[in-house]
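Undergrad:
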Amino acid sequence: FIAFVGLMPVLINIEFGLPNLLVYLGGFVGLTSIVSLFLLKVDYVSKFKTGVAQGINQVADFHWLINKDGQEHAHSGEKVLEKSGLYHGWDDVIVRDQLTAAAGEETVVEAYKVQTERESDEERKAAIPIFHGFIARVPVSNSFGGETYVQTEADSSLIDYSAGGLFDNKTGIKKTELEWGEFEQFLEVKSSSPAEARRVFTPDFMAVLYDWWRDHDKELRISFRGDSMYIGWPTDIRLDPSLLGGVENEKESVRGIIEFVLMLEGLVKILKENR
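Okay, so the sequence shown: first residue is 63 according to the working numbering, each after it adds one.
(1) Would you mind working out which of G139, V176 and N119 sits nearest I299, comparing C-alpha positions?
(2) When the Cβ atoms of the region 315–334 are set against those of the region 163–177, are three or more pairs found closer than 8 Å?
(3) Answer with buried or exposed for T238, where buried requires no fewer than 16 other C-beta atoms within 10 angstroms of its C-beta.
(4) Just the C-alpha distance for L101 and D302, rounded to the nearest angstrom, thanks.
(5) Grouping DSSP H, G and I as helix and E and B as strand, with all else coil, what is G234?
(6) In the structure shown, what three-state DSSP assignment does A257 receive?
(7) Give the C-beta separation of G195 and T297 to the nearest angstrom, bearing in mind that I take them to be a contact with Cβ-Cβ under 8 Å.
(8) Between K252 and D279, what straight-line distance do the alpha-carbon atoms span, to the nearest angstrom?
(9) Comparing alpha-carbon positions, which option in F110, I235, K232 and T264 lies nearest N336?
(10) Return the CA-CA distance between S138 and E244, expressed in angstroms with no decimal places.
(11) With respect to the alpha helix (DSSP H) encompassing N336, which residues constitute its N-terminal and C-terminal limits?
(12) In the DSSP assignment, find the alpha helix (DSSP H) that holds Y272 and state where it starts and stops.
(13) Measure from the alpha carbon of I320 to the alpha carbon of each residue in I118, K109, K111 and I284, then state which is nearest.
(14) Could you give the first and the last residue of the continuous alpha helix (DSSP H) run that contains S138?
(15) Can you look up Q160 in the DSSP assignment and give me helix, strand or coil?
(16) What three-state label does DSSP hand V262 in the structure shown?
(17) Between G147 and R261, which are expected to be in contact by the criterion C-beta below 8 Å, what is the C-beta distance as a whole number of angstroms?
(18) Rounding to the nearest angstrom, what Cα-Cα distance links E144 and G113 in this structure?
So this is what it looks like as structure tokens:
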């Protein structure tokens, strides 16, 4: 509509022969309106993200920050995604946002909202989306000796299933049984070091995961590799608010982010105690 308003003097000039000054003036007003709308959007999004971070910190034990320009950390997000081993089959990664949590001076969580895409084929000109959601990294003080991968059995985290499952192209891992049967009903675990996996999945650790899954019934992928634990959560939730409607429309997204953050905090605390 604003663009149309900006062009309207041009149309009037063509039709009625009004002076060019009016044309330029109208075009300038239209362009100014567009720029003003863009700046208002940027300011609104920035304030929204600040508000979400403040809401998280009211209930969280760690101090959480939301980076307001995920593209500044695009390389870091892609690196975390690659090292996690959770998703593959992608050519490009788009990083939307970055969240970090600190306990004192130590960064204990870094998470990214990402979208992965595969280059188009002959039949489709546009890039093919594969996954979009959060990928989180939790560093540990003592590196894992083996590699362990976990997913919900009804996992459907990939938009394009031809990209492959979590356990594809993983060698040296085997199905691992844990000590809590109910937990194994919704998660599948494969590890190159079953004994290490069982040491990680203590009753407290499993309870945090199970409580979150029971309330949300959402897909998760988890890996333990090297010096980190990684978690992938496919979700449509975005940290960019909708410009249509009011704050009420964002309540579910904010609630989902806060509950995911609190689940991460619970896992971090247990890992630190056990490692």
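Heads up, the beta-carbon is just placed ideally off N, CA and C, and yes, glycines get one too. As the structure is a computational prediction, the values presented were derived from the model and not from experiment.
TA: Here's the rundown:
(1) As a working mapping, residue 299 is identified with position 237 in the sequence shown. For the residues G139, V176 and N119, the minimum Cα distance to I299 belongs to V176.
(2) yes
(3) Taking the first residue of the sequence shown as 1, we reach residue 238 at position 176. With 16 or more other Cβ atoms within 10 Å, it is buried.
(4) For the purposes of this step, residue 101 is taken as residue 39 along the sequence shown, with counting starting at 1. For the purposes of this step, residue 302 is taken as residue 240 along the sequence shown, with counting starting at 1. Note that L101 scores a pLDDT of 44, beneath 50, so its modelled location is shaky and nothing firm can be said.
(5) Taking the first residue of the sequence shown as position 1, residue 234 is located at position 172. Three-state DSSP puts G234 in coil, outside helix and strand.
(6) One-based indexing of the sequence shown puts residue 257 at position 195. A257 falls in the helix class under three-state DSSP.
(7) Counting from 1 along the sequence shown, the entry for residue 195 is found at position 133. Counting from 1 along the sequence shown, the entry for residue 297 is found at position 235. About 5 Å; that satisfies the 8 Å criterion.
(8) By one-based count along the sequence shown, residue 252 stands at place 190. By one-based count along the sequence shown, residue 279 stands at place 217. Cα to Cα, the separation comes out at about 21 Å.
(9) Translated into positions along the sequence shown, residue 336 becomes position 274. Ranking the options by Cα distance to N336, first place goes to T264.
(10) If you number the sequence shown from 1, residue 138 lands on position 76. If you number the sequence shown from 1, residue 244 lands on position 182. Approximately 36 Å between the Cα atoms of the pair.
(11) Indexing the sequence shown from 1 puts residue 336 at position 274. Unbroken alpha helix (DSSP H) run through N336: K313 to N336.
(12) Residue mapping note: residue 272 aligns to position 210 of the sequence shown, counting from 1. Taken as a continuous stretch (DSSP letters only), the alpha helix (DSSP H) holding Y272 covers P265 to H278.
(13) Numbered from 1 along the sequence shown, position 258 holds the residue referred to as residue 320. Checking every option, the nearest Cα to that of I320 belongs to I118.
(14) Position 76 of the sequence shown, counted from the start, is the residue given in the question as residue 138. Per DSSP, S138 belongs to the alpha helix (DSSP H) from A136 to S146.
(15) Taking the sequence shown and counting its residues from 1, the one referred to as residue 160 is at position 98. If DSSP states are grouped into helix, strand and coil, Q160 belongs with the strands.
(16) Start at 1 with the first residue of the sequence shown, and residue 262 comes out as number 200. Helix.
(17) The residue labelled residue 147 in the question sits at position 85 within the sequence shown. The residue labelled residue 261 in the question sits at position 199 within the sequence shown. Going by Cβ atoms, the distance from G147 to R261 rounds to 20 Å, so no, they are not a contact pair.
(18) Sequence index remark: in the sequence shown, residue 144 carries index 82 (1-based). Sequence index remark: in the sequence shown, residue 113 carries index 51 (1-based). Each residue's Cα considered, the two are about 31 Å apart.
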